[in-house]
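Visitor: I have a structure here, written as structure tokens, and I will follow up with some questions on it.
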Amino acid sequence: MFQTKSFISTLKEAPESAESNSHRLMLRANMVRMLVAGVYSYLPLGYRALSKIESIIRQEMNSAGAQEILLPSLQPLELWQKTGRDELLGETMIRFTDRRGRKLCLGPTHEEVVTELAANFVKSYRDLPFVLYQIQTKFRDELRPRFGIVRSCEFIMKDAYSFDRDTKGLTEIYEKMRLAYEKIFRRCGLDFVSVKADPGVIGGKVSHEFMVAAEGGEDAIFKCKICGEVKSASEAQIEVCPHCREDMEKINTLEIGHIFQLGEKYSKVLGVKFLDEAGKQQTVQMGCYGIGVSRLISAIIEQNHDKDGIVWPAQVAPYQVAIVPVNISDKEILDKACDIHKALEASGIECLLDDRDERAGVKFKDADLLGFPLRITLGNKWLKEKKLELKERRSQISKDIRAEDVLEEVRRYLQ
RNA sequence: CGGGGGGUGGCUCAGCUCGGUUAGAGCGCUUGGUUCGGGACCAAGAAGCCGCGGGUUCAAAUCCCGCUCCCCCGACCA
Numbered sequence: 064m065f066q067t068k069s070f071i072s073t074l075k076e077a078p079e080s081a082e083s084n085s086h087r088l089m090l091r092a093n094m095v096r097m098l099v100a101g102v103y104s105y106l107p108l109g110y111r112a113l114s115k116i117e118s119i120i121r122q123e124m125n126s127a128g129a130q131e132i133l134l135p136s137l138q139p140l141e142l143w144q145k146t147g148r149d150e151l152l153g154e155t156m157i158r159f160t161d162r163r164g165r166k167l168c169l170g171p172t173h174e175e176v177v178t179e180l181a182a183n184f185v186k187s188y189r190d191l192p193f194v195l196y197q198i199q200t201k202f203r204d205e206l207r208p209r210f211g212i213v214r215s216c217e218f219i220m221k222d223a224y225s226f227d228r229d230t231k232g233l234t235e236i237y238e239k240m241r242l243a244y245e246k247i248f249r250r251c252g253l254d255f256v257s258v259k260a261d262p263g264v265i266g267g268k269v270s271h272e273f274m275v276a277a278e279g280g281e282d283a284i285f286k287c288k289i290c291g292e293v294k295s296a297s298e299a300q301i302e303v304c305p306h307c308r309e310d311m312e313k314i315n316t317l318e319i320g321h322i323f324q325l326g327e328k329y330s331k332v333l334g335v336k337f338l339d340e341a342g343k344q345q346t347v348q349m350g351c352y353g354i355g356v357s358r359l360i361s362a363i364i365e366q367n368h369d370k371d372g373i374v375w376p377a378q379v380a381p382y383q384v385a386i387v388p389v390n391i392s393d394k395e396i397l398d399k400a401c402d403i404h405k406a407l408e409a410s411g412i413e414c415l416l417d418d419r420d421e422r423a424g425v426k427f428k429d430a431d432l433l434g435f436p437l438r439i440t441l442g443n444k445w446l447k448e449k450k451l452e453l454k455e456r457r458s459q460i461s462k463d464i465r466a467e468d469v470l471e472e473v474r475r476y477l478q
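Here the numbering used here = 1-based position in the first sequence + 63.
Quick look at the structure:
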């Protein structure tokens, strides 16, 4: 991509309304734009990051044996009345009546819909187990949207639902999902912890939430400085480590995922039943597994930035390489920059070539802000010594390389 | 939903207390020139229903009333 042809723009100052680091950086990098409170458009850089995250999630969910589907956002309220969550969710759920007088809502989550679907499918123990998942927009009428896309009224979630014949099966799938989640978050460059949590209105007996430490987080956990034991901080008092008997440290966090062993909560009411080997009717054991996909962008930035801007982990970076010809009016420099761009793109490495007629300083500042893992700079050294500068965003360490070694070097860094 | 703060060019803000020329500054944008490896400089420009509606007044960004939107703290949060 050539920067002069892109929708990319940057701001020196973030709008004052932005509080958290990630939100400020996302606005300065023009990754998202607020339409009204809690409702955001994803612009090219933001959407690219989002797509990268989604594809990591798909890979890991698929390899854990889950199958992707897409459920509707429009849902009949009647379905929610059956499980009693109509009242439980209250005004969080966006509801309306259509012209035929049907009472509908925009799905804040999908347990009801997927359970209804499964009820229609499952007949025999032979149909079990299976896991369905989707990546889809959820709607929640948040009283107070916050921190940009961290808490918004319309957001993208990956929600998975498992169906098995008994508790043993449920526990196995739950464990499998937990491992898949760990892989996903690790690949996203996140330092996370999982803690036992309160299932809340989703329900069930066992649940774990995945948290990342983040200054701009809205949750908190307690962590033991000695043994590293972590505990959910739902109650506000200081916790004492059960092993070390020391006061635990309170850390601000952002919840990025939550998994639940639902048991029969939904399957019983909505009738997901099957016949076992003995011909006896049984109720399916369910689990559900959520990841706040759009929120992950914020989490990643919270954990991967410095004073100059974003420091993208390579796997989720909107582009892997920024190519900066310091002087575009020098044809030799610009031509070579274009050559490199072409060669890297041909090898599947996504590049942003800063072909703007700007001074070097402006380009460097923007490259740092946008945070692509590698920067290739062409300047005087190219003219005099035929050397390019390859600089790693995270370490800010650079080295001079020959043009013919670019691909190899870039690949080595991006591994 | 309770409490607080706000809405003035694309962004950051001043002006409002005490009403009075053509509503300002910095950044950004356009044009020209000088610069040219870490957010350059000079010059000339474009760009504002001063959130919306009503009222007071000879006169309203400024005072009064209503509405609306945004932000922060709290409560809530799958």
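All C-beta atoms in this analysis are idealised placements derived from N, C-alpha and C, irrespective of residue type, glycine included.
Give the range of the beta strand (DSSP E) segment to which R158 is assigned.
Guide: In the first sequence, counting from the first residue as 1, residue 158 sits at position 95. Its beta strand (DSSP E) spans residues I157 to T160.
Visitor: For V213, collect the residues of the same chain with a Cβ closer than 6 Å to its Cβ; drop the 5 residues on either side in sequence, then sort them by chain order.
Guide: As a position in the first sequence, residue 213 is number 150, starting the count at 1. Result list for V213: R358 and S361, in chain order.
Visitor: Pull the bridge partners of P388 from the DSSP assignment, please.
Guide: Against the first sequence, residue 388 aligns to sequence position 325. Paired residues: L441.
Visitor: Report yes if the C-beta distance between I132 and Y244 is below 8 Å; otherwise report no.
Guide: Counting from 1 along the first sequence, the entry for residue 132 is found at position 69. Counting from 1 along the first sequence, the entry for residue 244 is found at position 181. For I132 and Y244, no; Cβs fall outside 8 Å.
Visitor: From the DSSP output, in three-state form, read off F210 for me.
Guide: Looking up residue 210 in the first sequence gives position 147. Coil at F210, not helix or strand.
Visitor: Could you check where the beta strand (DSSP E) with C401 kicks off and where it finishes?
Guide: What you label residue 401 is simply residue 338 of the first sequence in a count that begins at 1. Premise fails: C401 lies in the alpha helix (DSSP H), K394 to A409, not in any beta strand (DSSP E).
Visitor: Looking at C-alpha atoms only, which residue of R457, L437 and S392 is the closest neighbour of N443?
Guide: Translated into the one-based positions of the first sequence, residue 443 becomes position 380. When only C-alpha atoms are compared, the closest one is S392.
Visitor: Take every Cβ of the segment 378-387, pair it with every Cβ of the segment 109-119, and state whether three or more of those distances are shorter than 8 Å.
Guide: yes
Visitor: Which one of V102, D431 and Q324 has the shortest CA to CA distance from P208?
Guide: The count along the first sequence starts at 1 and reaches residue 208 at position 145. Per the Cα distances, V102.
Visitor: Under the assumption that I386 contacts L416 (Cβ atoms under 8 Å), give the Cβ distance between them as a whole number of angstroms.
Guide: Position 323 of the first sequence holds residue 386. Position 353 of the first sequence holds residue 416. Rounded, the Cβ-Cβ distance is 4 Å, consistent with contact.
Visitor: To the nearest angstrom, report how far apart I403 and N125 are at their CA atoms.
Guide: Reading the first sequence from its first residue, position 340 is the one you call residue 403. Reading the first sequence from its first residue, position 62 is the one you call residue 125. Straight-line Cα distance between these residues: approximately 35 Å.
Visitor: At the level of alpha carbons, what is the spacing between F65 and E82?
Guide: Translated into the one-based positions of the first sequence, residue 65 becomes position 2. Translated into the one-based positions of the first sequence, residue 82 becomes position 19. Rounded to whole angstroms, F65 to E82 spans 31 Å at the Cα level.
Visitor: Go ahead and label H173 buried or exposed: buried means 16 or more other beta carbons lie within 10 angstroms of its beta carbon, across all protein chains shown.
Guide: One-based indexing of the first sequence puts residue 173 at position 110. Burial call: buried.
Visitor: For the candidate residues N84, A92 and K68, whose alpha-carbon lies nearest to that of L74?
Guide: On the first sequence, position 11 is the one that residue 74 refers to. Checked all of N84, A92 and K68; the closest Cα to L74 is A92.
Visitor: In three-state terms, what does DSSP make of M220?
Guide: Working through the first sequence from its first residue, we reach residue 220 at position 157. It is a strand residue.
Visitor: Report buried or exposed for V264, applying the criterion of at least 16 other Cβ atoms within 10 angstroms of its Cβ.
Guide: The residue given as residue 264 occupies position 201 in the first sequence. So V264 ends up on the exposed side.
Visitor: Just to confirm my understanding: we take I119, look at its own chain, exclude 5 residues before and 5 after, and list those with CB closer than 8 Å. What are they?
Guide: The count along the first sequence starts at 1 and reaches residue 119 at position 56. So the list reads I247, R250, C251, Q378 and V379, once near-sequence residues are dropped.
Visitor: Do you know offhand how far C351's Cα is from L437's?
Guide: For the purposes of this step, residue 351 is taken as residue 288 along the first sequence, with counting starting at 1. For the purposes of this step, residue 437 is taken as residue 374 along the first sequence, with counting starting at 1. In a straight line, the C-alpha of C351 is about 38 Å away from that of L437.
Visitor: Under a three-way DSSP split, which group does D468 fall into?
Guide: Residue numbering aside, residue 468 sits at position 405 when the first sequence is read from its first letter. Assigned with DSSP and collapsed to three states, D468 falls in helix.
Visitor: How big is the Cα-Cα spacing for L453 and I464?
Guide: Translated into the one-based positions of the first sequence, residue 453 becomes position 390. Translated into the one-based positions of the first sequence, residue 464 becomes position 401. For L453 and I464, the distance between alpha carbons rounds to 7 Å.
Visitor: Could you name the residues of the same chain whose beta carbon sits closer than 7 Å to that of I236, not counting the 5 residues immediately before and after it, in chain order?
Guide: Against the first sequence, residue 236 aligns to sequence position 173. The residues are P192, V194, S225, D227 and G350.
Visitor: Below 8 Å, how does it come out for the segment 139-154 and the segment 182-190: are there three or more Cβ pairs, yes or no?
Guide: no
Visitor: Determine the closest residue to A430 out of N84, D369 and E175, with distance taken between C-alpha atoms.
Guide: Taking the first sequence and counting its residues from 1, one reaches residue 430 at position 367. For the residues N84, D369 and E175, the minimum Cα distance to A430 belongs to D369.
Visitor: Less than 8 Å between the C-beta atoms of Q344 and E327, yes or no?
Guide: By one-based count along the first sequence, residue 344 stands at place 281. By one-based count along the first sequence, residue 327 stands at place 264. No. Outside cutoff.
Visitor: Go ahead and label S295 buried or exposed: buried means 16 or more other beta carbons lie within 10 angstroms of its beta carbon, across all protein chains shown.
Guide: As a first step, residue 295 must be located in the first sequence, where it is residue number 232. Classification for S295: buried.
Visitor: Applying the 10 Å Cβ sphere with the 16-neighbour rule, what's the burial state of P171?
Guide: Residue numbering aside, residue 171 sits at position 108 when the first sequence is read from its first letter. Buried is the call here.
Visitor: Using the C-alpha atoms, what's the distance from L167 back to R203?
Guide: By 1-based counting over the first sequence, the position of residue 203 is 140. By 1-based counting over the first sequence, the position of residue 167 is 104. Computed Cα separation, rounded: 14 Å.
Visitor: Here's the rule: buried if 16 or more other CB atoms are within 10 angstroms of the residue's CB, otherwise exposed. What is C290?
Guide: Looking up residue 290 in the first sequence gives position 227. Burial call: exposed.
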